[in-house]
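Numbering (the UniProt record's numbering), first residue to last: 1 to 381.
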Ligand SMILES: Nc1nc2c(ncn2[C@@H]2O[C@H](COP(=O)(O)OP(=O)(O)O)[C@@H](O)[C@H]2O)c(=O)[nH]1
Ligand SMILES: Nc1ncnc2c1ncn2[C@@H]1O[C@H](COP(=O)(O)OP(=O)(O)O)[C@@H](O)[C@H]1O
């Protein structure tokens, strides 16, 4: 048999706010917002029952925009499902992670109370793609082709770097060009999914960069080095890892020179590093696919085969259409791995009531990034 999980909704009349409280072990998680204030974010507080003290946790992940209230239900001691009332379809289902592996890792790193938001996605979506390979092998060229052919499917994770911009590179499009001290501080503050020193400069993928792509309903492409790929492998972001190899070192040398974006010294450094990168890429279990970029068009076709892309991927994403709006009046309960959303419990009493069943048995991903794998069905009674 399933279990009913305790849940409380508390209205705070003074501030026109609302708050739900969820008890997990020795802690009480308060999720609160205020009505009518646009773009108000939702606040989290944690009560330590043993000390009786309220703590303000460090909150990771893109936060939901407060709507007309919410309800919440504890799923599995790791996360709380938050349903935002009458919010837009892509803003209605959220997970507040309180003890997932990501939260545990951050809590240990920072030595303080940590929670993380992750937006819920109906269906599986598609895994992010990590593309690595030596400088000049053609990663950027392949990614540009993919984004041009499938503009509504793919989104690029814009990394931060301390290297200087090249002639045609635009800040915020190709990279976020940044000061070293600022980037080091942000890494310290755990704003990065991964970061690495590459060819003498600092590069990194911010959690925000990855979330911006998934929030646009697109499949994220990360162009990162082998160290970065290793860190992402160890993170909760489930991705497909592809390493692009040159047909030969001579050809790599030619391409780097032909690109004409580096000084001789930088070219030499990149070629030296290429040998080490090719060696590291052989680490068992790191890359799922090795692609040789000899003739560009045939390499591109092979990349598309790996990603199982066809004509349907050219159509706009259907992800959001499958989501739904949580009505203002509803109540929720949980039986086994199914969350039942009973709608029309107040003013719609006269009309037939609808129940939505949200199956949470096969969740994937999570902070940093979306939680995929929710399935939704409807019962009219
Ligand atoms: N770890 C990590 N590597 C990155 C990131 N962004 C770019 N890189 C890698 O840094 C290296 C240098 O990139 P870049 O300066 O653009 O030169 P290019 O590879 O010659 O085009 C490449 O191997 C990129 O894949 C990042 O966010 N994290
Ligand atoms: N298959 C290929 N054959 C010949 N030149 C290529 C091929 N792929 C890419 N290039 C060229 O090689 C240079 C380096 O490619 P780029 O995409 O910038 O590499 P990366 O992003 O891996 O550093 C560019 O001038 C690009 O036009």
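Idealized CB from N, CA, C, for every residue including glycine.
Cβ contact annotation for residue 86 (same chain, cutoff 8 Å, sequence separation greater than five): 67, 68, 325, 326, 327 and 328, in chain order. When the five nearest sequence neighbours on each side are left out, the beta carbons in the same chain lying within less than 8 Å of the beta carbon of residue 140 are those of 223, in order along the chain.
Within the stretch 238-265, the complete beta strand (DSSP E) segments of 3 residues or longer fall at 240-245, listed in chain order. Taking the Cβ of residue 199 as the reference point, at least one heavy atom of ligand 1 falls within a distance shorter than 7 Å. Counting of Cβ neighbours within 10 angstroms places residue 198 among the buried residues, the total reaching 16 or more.
Distances taken from the Cβ of residue 228 to the heavy atoms of ligand 2 include none shorter than 7 Å.
Nearest to residue 110 by C-alpha distance, out of 160, 126 and 187, is 187.
One residue after another in chain order, those with a Cβ under 5 Å from a heavy atom of ligand 2 are 135, 136, 137, 138, 139, 140, 141, 255, 259, 293 and 296. The stretch 286-296 makes contact with the stretch 222-238: 3 or more CB pairs, one atom from each, lie closer than 8 Å. C-alpha of residue 104 to C-alpha of residue 114: approximately 8 Å in a straight line. In this structure residue 127 is in contact with residue 239, their Cβ atoms being roughly 5 Å apart against a cut-off of 8 Å.
In terms of CA proximity to residue 112, 45 leads the group 45, 330, 148 and 74.
Taking non-hydrogen atoms of ligand 1 into account, the C-beta of residue 196 is found less than 7 Å away from one of them. Residue 102: not part of any beta strand (DSSP E); member of the alpha helix (DSSP H) spanning 101-110, first to last residue. Proximity to residue 236 across 27, 95 and 368 peaks at 368, based on C-alpha coordinates.
Taking C-beta atoms as the reference points, residue 204 and residue 159 count as a pair closer than 8 Å.
Here residue 119 really is in contact with residue 62; their C-beta atoms are around 7 Å apart, less than 8 Å. Distances from the CB of residue 187 to the heavy atoms of ligand 1 are all 7 Å or more. Under DSSP, residue 114 forms a beta bridge with 58. Close CB contacts of residue 225 within its chain, under the 8 Å cut and outside five residues either way in sequence, are with 132, 196, 198, 203 and 277 (chain order). Where residue 72 is concerned, the enclosing beta strand (DSSP E) starts and stops at 70-74.
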